[in-house]
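Some notes on the structure that comes next.
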Amino acid sequence: MAGDAGSIPELDQKKYDADEQVKIICLGDSAVGKSKLMERFLMDEYRPQQLSTYALTLYKHTATVGNKTVAVDFWDTAGQERFQSMHPSYYHKAHACIMVFDVQRKITYKNLANWYKELREYRPEVPCCVVANKIDADLKVTQRSFNFGKKQGLPFYFVSAADGTNVVKMFREMIKRAVDYKQNPGDFMDEVMQELENFDLEKKEDNSEADEDGLKAESPDLV
Amino acid sequence: MSFEAKRCGVQFSPPSIVLIYEHKETKTIRKRIIPVRNFSKYSDYSMAAERLKNHPRHRDYLEGVSQSQLEKLHIILRDHMQGFSLERSLASFNLDPDEDLNKLDDEELARKKGQMDELFEKNRRHKDDPDFVYDLEMDFSKTTQEKCSWDEESDDGF
Ligand SMILES: Nc1nc2c(ncn2[C@@H]2O[C@H](COP(=O)(O)OP(=O)(O)O)[C@@H](O)[C@H]2O)c(=O)[nH]1
Ligand SMILES: [Mg+2]
């Protein structure tokens, strides 16, 4: 399993602090189509980097938002969803989250609640959306309204990785929101993280999990 | 030279993959039996499938057969080598919409995904299709009304 939050050796997560870098994570049960959606969006650009030790796949993408060029790292799980929980490093510094379920399998919809709960433990404020995939299998589902996330105001997309419906729209909007969020982060955690880094706590890497837990526990009192 | 795969299956002895295809120029239907070599009950089905897909003598014929379809055929061959019945082997590919797929190991999950791939490939739009649109958009906000039954029994604060 992965090491402490933010200390995957192959991956320097500090780079996500740079203005022109964002990190977007995918969440959802096994086989809902997370990887197929990535593949459909990236097409020829599709060059995944497998970090099998961490059950993680990384996709790099270059996007243009307004007149800025942004490097986007998409993080996709490669089996970690099996534990119904992701390692903290997965959430660390994420700027947006794409939550996917399979319209043919109710259980994947019901499990969104668990994924969302875990996301909010680590990233209380990052933009997030709900994606209903595989609508090509039964277009009638698009007449139904799925209310998960409505209360929280999460955008909802009906998509199909197979025929491509709304895939690009969803990704573009999420990239835009990730960039916006980065310019105006609302997360208390983010600021504290940044501050910790500015103070240059040498031992942080060794101890970051403990640090994060501590911060999490405190944050409700401070906000 | 162009071939269109029509159907494929397996033959247990000697272990082979059987492909029914159409020869596009002559418009004839033909059968090709591809022996699966160096494959035992301990072999990696996914590597074997990939090897076959890229095999210089077979790859033109197998172009229309997906990697996961080839994996499935290798799994059936391997199940047979391990002594499982064909029924049992085929049943492992069945999709039960209520099954929690998070609980499966890699190989079991690959079986289910292989099954899902059939519909996926059928509905798939390829980028070389003449009517392919990269950023295909459809607005469903006007047609959405019915409340989804999946939202009832709202036990978890949806
Ligand atoms: N019909 C259909 N099948 C899909 C779609 N997206 C994915 N699938 C199928 O679902 C399986 C699992 O997709 P995958 O991307 O591996 O899921 P992941 O485990 O969430 O990454 C694939 O093997 C496809 O066969 C879709 O939009 N439509
Ligand atoms: Mg995947």
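So the sequence lines, in the order shown, correspond to chains A and B.
Counted the way our numbering counts, the first sequence spans residues 1 to 223.
Counted the way our numbering counts, the second sequence spans residues 1001 to 1158.
Here a beta-carbon is modelled for each residue, glycine too, at the ideal position from N, C-alpha and C.
- DSSP, read as helix, strand or coil, puts Asn133 of chain A in strand.
- Look at the stretch 75-86 of chain A: the residues with a C-beta under 9 Å from a C-beta of chain B are Gly79, Glu81, Arg82, Phe83 and Gln84.
- Leu1070 of chain B is outside the set of residues whose beta carbon lies under 8 Å from a beta carbon in chain A.
- According to DSSP, Gly1009 of chain B shares a beta bridge with B:Val1018.
- Taking a 10 Å sphere around the C-beta of Gln143 of chain A, we find fewer than 16 other C-beta atoms and assign the residue as exposed.
- Residue-level contact by beta carbon holds for Arg1124 of chain B and chain A, with a gap shorter than 8 Å.
- Its chain contains Cys1008, Val1010 and Ile1017 as the residues whose beta carbon lies nearer than 7 Å to that of Leu1073 of chain B, once the 5 sequence neighbours on both sides are disregarded; these appear in chain order.
- If you keep only unbroken alpha helix (DSSP H) runs of at least 4 residues inside the stretch 1053-1086 of chain B, you get 1067-1081.
- Ile24 of chain A is positioned such that its CB atom lies no closer than 8 Å to that of Val100 of chain A.
- The C-beta distance from Glu1004 of chain B to Lys1024 of chain B rounds to 6 Å, short enough to fall under 8 Å.
- About 21 Å separates the Cβ atoms of Lys93 of chain A and Gln152 of chain A, ruling out a contact at the 8 Å cut-off.
- Contacts between Cys1008 of chain B and chain A, judged by CB atoms closer than 7 Å, are missing: the closest CB pair is about 21 Å apart.
- Excluding the 5 residues flanking it on each side, Tyr46 of chain A has same chain C-beta neighbours closer than 6 Å at Glu39, in chain order.
- Annotation: Leu56 of chain A to Gln1145 of chain B spans about 38 Å, alpha carbon to alpha carbon.
- For the options A:Ser145, A:Met170 and A:Tyr181, the alpha carbon positioned closest to that of Leu1136 of chain B is the one of A:Met170.
- For Arg82 of chain A and Thr1028 of chain B, the gap between their C-alpha atoms comes out near 47 Å.
- Around the beta carbon of Asp1098 of chain B, fewer than 16 other beta carbons lie within 10 angstroms, which makes this residue exposed.
- Not a single CB atom of chain A sits nearer than 8 Å to the CB of Met1047 of chain B.
- Taken in chain order, the complete alpha helix (DSSP H) segments of 4 residues or longer contained in the stretch 27-51 of chain A are 34-42.
- Secondary structure of Asp180 of chain A (DSSP, three-state): helix.
- Here the stretch 160-177 of chain A lies against the stretch 120-136 of chain A, with 3 or more beta-carbon pairs under 8 Å apart.
- Here the stretch 1103-1114 of chain B makes no contact with the stretch 100-120 of chain A; the two share fewer than three CB pairs at distances below 8 Å.
- The CB of Val168 of chain A comes closer than 7 Å to the CB of Tyr1134 and Asp1135 in chain B, given here in chain order.
- Secondary structure of Lys1112 of chain B (DSSP, three-state): helix.
- Interface annotation, Met43 of chain A: in contact with chain B, CB-CB separation under 8 Å.
- In terms of side-chain proximity, the C-beta atom of Met170 of chain A is found no nearer than 7 Å to any non-hydrogen atom of ligand 1.
- Taken in chain order, the members of the stretch 151-168 of chain A whose beta-carbon sits within less than 8 Å of a beta-carbon on chain B are Lys151, Phe158, Ser160, Ala161, Ala162, Asp163, Gly164, Thr165, Asn166, Val167 and Val168.
- In the DSSP assignment, Leu1095 of chain B falls outside any alpha helix (DSSP H) and carries neither an H nor an E.
- For Ile107 of chain A, the closest Cβ of chain B is nearer than 8 Å.
- Gln1115 of chain B is a Cβ neighbour of Leu1095 of chain B, given a cutoff of 8 Å.
- Runs of the alpha helix (DSSP H) spanning 4 or more residues and lying entirely within the stretch 89-139 of chain A occur at 106-110 and 112-122, in chain order.
- At a cut-off of 8 Å between C-beta atoms, Pro1130 of chain B does not count as an interface residue with respect to chain A.
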